[in-house]
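The listed protein sequences correspond, in order, to chains A and B.
So that you can map any letter, position 271 of the first sequence is 271 in the UniProt record's numbering, and since no number is skipped, the others follow by simple counting.
So that you can map any letter, position 209 of the second sequence is 209 in the UniProt record's numbering, and since no number is skipped, the others follow by simple counting.
Notes follow the structure.
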Amino acid sequence: MDFNAAEEEEFGFSRNYFLAKETGSSGKKSARKLSDINVVDEQELREASANIEPKHQNDVADLINSYKSLYPKWVFDLRCGFGLLMYGFGSKKSLIEDFASTALAEHSVVVIIALAEILWEQLKLNRKVSSRSLPKVQQPFSSRSMDDLLAFLDGPEMDEKDSFICVVVNNIDGPGLRDTETQQYLARLASCSYIRVVASIDHVNAPLLWDKKMVHAQFNWYWYHVPTFAPYKVEGLFLPLILAHGSSKQSAKTALIVLQSLTPNAQSVFRILAEYQLSHPDDEGMAIDDLYSISRERFLVSSQVTLNAHLTEFKDHELVKTKRHSDGQDCLYIPLTKEGLEKLLSEMS
Amino acid sequence: MAPSLNDDSPPSTIDEAFTENNLQPFFVLQKGSPRKSDRKSSGTGRTRRFDLSSASPKNSANIEDEKEDENMNLRMEAFEFVWSKIESTIKDVLRVMNTNVFSEIETWVHQSFDTIRSLGTPEFPEATQSFPIITDANSKRLFTGLVLTKNMEFVDDLLTFEELGKHLKYQGCHVANLSSLDFIAKNGVGGCLRSLLRQFLMSSLDPADISILASWYREENCNNPVVVIIDDIERCCGSVLSDFILMLSEWVIKIPVILIMGVATTLDAPRNILPSNALRCLCPFEFTLGTPAERMDAVVEAVLVKPCSGFIIGHKVAVFMRNYFVSQDGTLTSFIRALKIACTQHFYTEPLSVILLEFASEEDNLVLEIERHGLSPEVIWKHVFEFPSCQRVKLNKPTSESLAHAFSELKRLQNQWRAVVLVRLSLFLCFDCLYVTGKGEKVRLLDLFCEAIDPESYNQGEFDTNMKAEKDPVLSSSQIKGHVICKAVRLVRYVSNSHNAFHLSSIRDLSTAKLGNLLKIWENLTVGIPEIDGKVKELLSLLNVEDGKSSKKDLTVTPRRHTSRIQLNIEKDSKSLSDKAANLIECMVRDYMHPTECIPFHEIFCFKDVDKLRLVSTEALIGDPRRRIQVDLLEFQKLLCCRCCTSSSNALLPSMHDTSIMYKLAQEHGDLINLHDWYQSFKSIVLCPNSKRKPRQSPLPKKRKGIKEAESQSEASIQAQFCRAVTELQITGLLRMPSKRRPDFAQRVAFGL
Numbered sequence: 001m002d003f004n005a006a007e008e009e010e011f012g013f014s015r016n017y018f019l020a021k022e023t024g025s026s027g028k029k030s031a032r033k034l035s036d037i038n039v040v041d042e043q044e045l046r047e048a049s050a051n052i053e054p055k056h057q058n059d060v061a062d063l064i065n066s067y068k069s070l071y072p073k074w075v076f077d078l079r080c081g082f083g084l085l086m087y088g089f090g091s092k093k094s095l096i097e098d099f100a101s102t103a104l105a106e107h108s109v110v111v112i113i114a115l116a117e118i119l120w121e122q123l124k125l126n127r128k129v130s131s132r133s134l135p136k137v138q139q140p141f142s143s144r145s146m147d148d149l150l151a152f153l154d155g156p157e158m159d160e161k162d163s164f165i166c167v168v169v170n171n172i173d174g175p176g177l178r179d180t181e182t183q184q185y186l187a188r189l190a191s192c193s194y195i196r197v198v199a200s201i202d203h204v205n206a207p208l209l210w211d212k213k214m215v216h217a218q219f220n221w222y223w224y225h226v227p228t229f230a231p232y233k234v235e236g237l238f239l240p241l242i243l244a245h246g247s248s249k250q251s252a253k254t255a256l257i258v259l260q261s262l263t264p265n266a267q268s269v270f271r272i273l274a275e276y277q278l279s280h281p282d283d284e285g286m287a288i289d290d291l292y293s294i295s296r297e298r299f300l301v302s303s304q305v306t307l308n309a310h311l312t313e314f315k316d317h318e319l320v321k322t323k324r325h326s327d328g329q330d331c332l333y334i335p336l337t338k339e340g341l342e343k344l345l346s347e348m349s
Numbered sequence: 001m002a003p004s005l006n007d008d009s010p011p012s013t014i015d016e017a018f019t020e021n022n023l024q025p026f027f028v029l030q031k032g033s034p035r036k037s038d039r040k041s042s043g044t045g046r047t048r049r050f051d052l053s054s055a056s057p058k059n060s061a062n063i064e065d066e067k068e069d070e071n072m073n074l075r076m077e078a079f080e081f082v083w084s085k086i087e088s089t090i091k092d093v094l095r096v097m098n099t100n101v102f103s104e105i106e107t108w109v110h111q112s113f114d115t116i117r118s119l120g121t122p123e124f125p126e127a128t129q130s131f132p133i134i135t136d137a138n139s140k141r142l143f144t145g146l147v148l149t150k151n152m153e154f155v156d157d158l159l160t161f162e163e164l165g166k167h168l169k170y171q172g173c174h175v176a177n178l179s180s181l182d183f184i185a186k187n188g189v190g191g192c193l194r195s196l197l198r199q200f201l202m203s204s205l206d207p208a209d210i211s212i213l214a215s216w217y218r219e220e221n222c223n224n225p226v227v228v229i230i231d232d233i234e235r236c237c238g239s240v241l242s243d244f245i246l247m248l249s250e251w252v253i254k255i256p257v258i259l260i261m262g263v264a265t266t267l268d269a270p271r272n273i274l275p276s277n278a279l280r281c282l283c284p285f286e287f288t289l290g291t292p293a294e295r296m297d298a299v300v301e302a303v304l305v306k307p308c309s310g311f312i313i314g315h316k317v318a319v320f321m322r323n324y325f326v327s328q329d330g331t332l333t334s335f336i337r338a339l340k341i342a343c344t345q346h347f348y349t350e351p352l353s354v355i356l357l358e359f360a361s362e363e364d365n366l367v368l369e370i371e372r373h374g375l376s377p378e379v380i381w382k383h384v385f386e387f388p389s390c391q392r393v394k395l396n397k398p399t400s401e402s403l404a405h406a407f408s409e410l411k412r413l414q415n416q417w418r419a420v421v422l423v424r425l426s427l428f429l430c431f432d433c434l435y436v437t438g439k440g441e442k443v444r445l446l447d448l449f450c451e452a453i454d455p456e457s458y459n460q461g462e463f464d465t466n467m468k469a470e471k472d473p474v475l476s477s478s479q480i481k482g483h484v485i486c487k488a489v490r491l492v493r494y495v496s497n498s499h500n501a502f503h504l505s506s507i508r509d510l511s512t513a514k515l516g517n518l519l520k521i522w523e524n525l526t527v528g529i530p531e532i533d534g535k536v537k538e539l540l541s542l543l544n545v546e547d548g549k550s551s552k553k554d555l556t557v558t559p560r561r562h563t564s565r566i567q568l569n570i571e572k573d574s575k576s577l578s579d580k581a582a583n584l585i586e587c588m589v590r591d592y593m594h595p596t597e598c599i600p601f602h603e604i605f606c607f608k609d610v611d612k613l614r615l616v617s618t619e620a621l622i623g624d625p626r627r628r629i630q631v632d633l634l635e636f637q638k639l640l641c642c643r644c645c646t647s648s649s650n651a652l653l654p655s656m657h658d659t660s661i662m663y664k665l666a667q668e669h670g671d672l673i674n675l676h677d678w679y680q681s682f683k684s685i686v687l688c689p690n691s692k693r694k695p696r697q698s699p700l701p702k703k704r705k706g707i708k709e710a711e712s713q714s715e716a717s718i719q720a721q722f723c724r725a726v727t728e729l730q731i732t733g734l735l736r737m738p739s740k741r742r743p744d745f746a747q748r749v750a751f752g753l
C-alpha cells in the first residue's frame, strides 16, 4: 500500500511538473518587464525592508514559545547521542540559540553561525576555538591540523558522561557550507565522541547534502519539524533584493570586503585603476601597460608577474574585468558605477 | 529577533551576545560550567537524593519538580545502561558472524606475507635507499583481498571493516583503514599517503613521501605484514586509487603491503574503476561477508528474543519496524536507529522505566525500592494501576511485594516465551537445511518474532483454531496460509505423513538423527524452564530407546526379504515420534507462549506506542523537508493559530504571512513566474483589506485603479515586503532567481507536495 502511495505521489509530481511546463509555455506567458514596476530608490527600499512591520508577531512568538515544552526531550535526545536537526519554514536561529542558552546551560556550548560569506578558512579557526573551550583539558599538541583536532575531540569515553560540547550550526545548508568538503568535515566533527550538533536547515533539498554514512553514522540526525515563521534576517542578509538589481551600494560593499583582505600594494594598484576610471569616464578602460608603468613608478610592483598576480586576484573576485579595446589592446575596467566607485574609494581610505 | 525568553533565562549578556554576534561567523555562547546538580551517576553506588518523609507540603510543587528532574536523570541512566547493553550485544553478534571470514582473511594475510618475503628481503644498502627495488614483474604483485559486502548500502559495513582492522592489529599486523574520502581527486595520491603516515607513524608530515614509510617499516622489526584496508572502492576516485596501487606495487618488497578492499557490487568493480596497468599489479582473492538479512536475524535473535537488556518492543512496533526495514533502505543501521528511537521514546515517556536498570541487572530476588526512583509512591501506584494490563487482571493490593511478585512472574513467562520461540526457530533452521530449494520461502526470524509477540492472535486463541485446522487440511486453508508457526507444525506433519513423497532414508534421517539433534537443541533451549524441559527430556529418552532399537536392528545381519518389514517398523516408530514432537510443539505454543503484551505490568518494559513511533520515525529518521516546508507555507494558519486569517480558508488575505501569500500566488504560475505579474498580484492582495479574492484569478490591470484609495501603505514598503518574501523563498529553495537570459522571470522549483 505504501508502495502505491509512493507511486501515486511520484505520478502527481510529474503531472504537476508537466502541467506547470504547459502553463508556462502556452500563449498566456506574460511578457511584462520587471522594469515596468515603478521601483523606488534603492536606498528607500533598503530602509523600508529594514522597517517592515512584522505580521503575526504575537502568534509567531507563541509558536516559538510552544517549542519550549520540547526542550527537555531535545536535551534527552542529545544525551542519548543523537544530533538535532530542525527544519520547517522560518528562521530557527533564535529558537536554537534560546534552546542552547537555556536548556543546555549545563554543557559547554559553542555556537557557529553559518553564513553565506563565511570562508572555509574561518571555519577552521572555529574548530580551534571550540576545542579550547573544552573543559579541563589542555591541548596536548602543537600542530593544529584538522585531523589532529578531530582525533583529539574523538577521544575515548569521557570521564563524565554528560559533558559534551554542543556545536550549534544555524542554517547548516547555507551557501557558505554547502560544498562537500565542508559537510564532510562537519560530519566528522559531529561523529566525535565529545561533540553533539544542533543544526537547522532551511532549504527543501538539504538532505541531498549528505550520504547514508553521514546521516546515520556521523550526524545521527533526529529530525524535528519546527516551523517558526520568523523572518530570515541573518540568513538572507547577503542575498540581493530582487527589485534592487545593479545595486551600486551592495557591490561596492562586497568589493570593499574583498579589497580589505588584500595587501596594501594590491589595494593601491586597484586605487590607480579606480582613479583612472573616474577621471576618464568616457574611456573603455585602462590599458594594462599603462597600469603597469604607473604601478612601477610608485614602487607598488616590481615586475609584470607581480602585477599579473594582483590582477588575477581582482578578476577572481570580479573586482576587475577585461575588455578588448577598439584598437585591439586588452584593457581593464572596474564593473561599478561612478557613485559606487567613489563610495568605495572614500571608504578604502 | 530573539523570542522573549522565559523567566529563568540566562543573564542579559546572552541576549546582547545574540544581537552583537548576529553577524559573526561563530562565537562561544558559553564555556563549560560546573554542573548545576552534583548528581553522581555511577551505576551501583547510587544514593537516595532526598528523603520523602521530610518533604514539607509548603514547597511541594518545587519538590515535585525536583523529583521529576531526579527521575529523568535516573531514566537517562537506565537508558544509557540498556542501550549500551543492546549496542554491545549487537557488536558481539556481528563480530561472531564475521569470525570465520576474519580468520580466513587473517590466514590469507600471513600466507601472502610469507610469499612476499620469499621473494627476498632487501639488503641493508638497498633498504636504506630512498627509491624502490624492482627486480622482476613478479615482485610487483600486490596481494589484494576483495571483500564482497553483499550490500549496496555501505553504511552497515563501516563497523565490519573497523572490526577487521582491529582483529588484524590484534594478530600483529600493521593496519591502516582508509576510506573513499582519502581517495579524492583534489588531494591526489598525497591525500591517502598522508593518511597512511598519520595512522602508521602517528604524525602528519609534510611533504608526504612513501620513502618515509619505508624507513619506518625498516625501523620496525620487519616481521609483520602491513595491511591497508580501503572500505569501499566503488566510491574512490579511480585515478587516485590506481596511482596508489602502482606506487605500492613498486615498493612492495620494501613495504610488504597487503590490500583489503570492500566491494559492494560485484567482482567486476575493480575492473570498472581501475585501468589495466593497475589491475595487472593486483593479485586478487575473494572473501564474502554475510547478507544483511542474515545479520538482521542474528541481531533480532540476540537483542529482541534472547534476554539482553530487558527492553522489549510491542507487536505493532515490531511490525512497523519490520516494514520499515523492508521498505526503507534495508540496512541494519536504519533498523538499529529505529530501535534506538523507540528506546529513547520509551524511556522519555515512561517514568517507571527506571526499573529496567535493576530488572536487567539483578537476577531473581528483585527488591523494589520505588522511592529510589525519585518518584513518590502514591504517584507510582496510581501510574502502575492505570496500566491497561493491570486493570485487566484486577490487582487489588498495591504493594511493593505484589509488584515484585508480578515482575518475577513476568520474567518467568518471558523465559518460557523465549524458549518456545527459539524452539520454533530451530525447527525452521532444520527444515531450511532440508528443503531450501524445495520450498523457496525462507522464514525470517523477524517474521517469526512479529508473529510470536502478537497478543491478539493469542487472546483470540487463534493458535488453537489454526492448529485444529491443521489437522484437517481441507478446513479453511486460507486461514492457515501465511501463519508461520502453523507452517512449522504443518511441515512436521507433512514430513511424517508423506511416506511416498520422500525416500525412506531421508525420513529416517529426520526421524532419528535429525529429530534427535532437534530435541537436543530444544533441551538446551529449555534449560531452566522445568515445565517444558521435562517434556523434551521425556521425548528424548523415548527417542534414545528407539534409536537403540533401530541400531540394533541395523547391526544384526538380516536376510533380504525381511528388510522391508523392518523398514516399515522403523517408519512407524519414527512417525509416532515426529507426531509426538509435533504435539509437543503445539502444546508449547498453546501453553507457554504468552506474548509479553498479555502479561501485567509489561508497559514498564515494553514500548508499544506505534503511532508515536510512526510519527517520530517518518519525521525523526528521515525528515521530509521538501513536503513539510511547502505545507508550512500553504497551511500556515494551522500552525500560527491566528484569528485573523482563519475565516475563509481559500481566499488570500492581506493579514497573511507575506511569504505564504507569495507562495500561494506562485502556485498559479507555470514553471516560470513573471515577476511583474507576481508583484502586482501581491500588491493587490496586500492593499485590499477585505477583498474576497480567489487565488485562482489572475490580477487584471484595471483592478489596480480601484485600489488607489488604499494608499496607507507606501509603495516602498510593499516592494520591500515583496523583496523579502522572494528572498525567503529563495532561501527555502522553492524559487530560483531570474537568470541573465530571462531577467523578468523567476523559476519555480517544486511542483506538488
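No residue lacks a Cβ here, since even glycine has one placed at the ideal position from N, Cα and C.
Using a CB distance cut-off of 8 Å, Glu44 of chain A counts as an interface residue toward chain B. Interface with chain A (8 Å Cβ-Cβ cutoff): Gly733 of chain B is included.
Closer than 8 Å to the CB of Asn170 of chain A there is not a single CB belonging to chain B. At a cut-off of 8 Å between beta carbons, Asn98 of chain B makes no contact with chain A. When the alpha-carbon of Val317 of chain B is set against those of B:Ala338, B:Cys308, B:Asp297, the nearest one is in B:Ala338. Around the CB of Gln416 of chain B, 16 or more other CB atoms lie within 10 Å, so the residue is classed as buried.
Sixteen is the threshold: since fewer than 16 other Cβ atoms of the shown chains lie within 10 Å of the Cβ of Arg643 of chain B, the residue is exposed. No Cβ-Cβ contact shorter than 8 Å links Leu85 of chain A with Trp74 of chain A.
The continuous alpha helix (DSSP H) containing Val686 of chain B extends over residues 675-687. Comparing C-alpha distances from Leu734 of chain B to each of A:Leu291, A:Leu311, A:Phe89 shows the shortest one belongs to A:Phe89.
Those residues of the region 218-244 of chain A placed with their C-beta closer than 9 Å to a C-beta in chain B are Asn220, Trp221, Tyr222, Trp223, Tyr224, His225, Pro227, Thr228, Phe229, Ala230, Pro231, Tyr232, Lys233, Val234, Glu235, Gly236, Leu237, Leu239, Pro240, Leu241, Ile242, Leu243, Ala244, ordered along the chain.
Under the 10 Å beta carbon count, Val423 of chain B is surrounded by 16 or more other beta carbons and is classified as buried. Annotation for Asp77 of chain A: the continuous alpha helix (DSSP H) segment containing it runs 71-79. Note on geometry: alpha-carbon atoms of Leu403 of chain B and Ile380 of chain B lie some 11 Å from one another. Residues are counted here when their Cβ sits less than 9 Å from a Cβ of chain B; for the region 84-102 of chain A these are Leu85, Tyr87, Gly88, Phe89, Gly90, Ser91, Lys93, Ser94, Leu95, Glu97, Asp98, Ala100, Ser101, Thr102, given in chain order. Nearest C-alpha to Asn223 of chain B among B:Val257, B:Ile184, B:Glu250: B:Val257. Judged by their CB atoms, Leu142 of chain B and Leu267 of chain B are not nearer to each other than the 8 Å cut-off. For the pair Gly328 of chain A and Asp41 of chain A, the Cα-to-Cα distance works out to about 39 Å.
Contact between the region 277-288 of chain B and the region 301-315 of chain B is not established, with fewer than three Cβ pairs separated by less than 8 Å. Of the residues assessed, Glu597 of chain B falls on the buried side of the cut-off, its CB having 16 or more other CB atoms within 10 angstroms.
Per the C-alpha coordinates, the member of B:Val354, B:Asp232, B:Phe601 positioned closest to Glu70 of chain B is B:Val354.
Under the three-state reduction of DSSP, Gln747 of chain B is assigned to strand. A straight-line Cα-Cα distance of about 19 Å links Lys535 of chain B and Gln414 of chain B. Shown here for Asp243 of chain B: same chain residues with a beta carbon closer than 6 Å to its own, the five before and five after excluded, namely Val189 in chain order.
Under the Cβ criterion of 8 Å, Ala48 of chain A is counted among the residues facing chain B. For Thr144 of chain B, the pairing in a beta bridge is given by DSSP as B:Leu259, B:Pro284.
Residues of the region 186-213 of chain A whose Cβ lies closer than 9 Å to any Cβ of chain B, in chain order: Arg188, Ile201, Asp202, His203, Val204, Asn205, Ala206, Pro207, Asp211, Lys212, Lys213. Scanning chain A for C-beta atoms nearer than 7 Å to the C-beta of Tyr324 of chain B yields nothing, as the closest lies near 10 Å away. Taking all protein chains in view, the Cβ of Asn62 of chain B is surrounded by fewer than 16 other Cβ atoms within 10 Å, so the residue is classified as exposed. Contact between Ile604 of chain B and Glu386 of chain B does not hold, since their C-beta atoms are separated by about 12 Å, which reaches or exceeds 8 Å.
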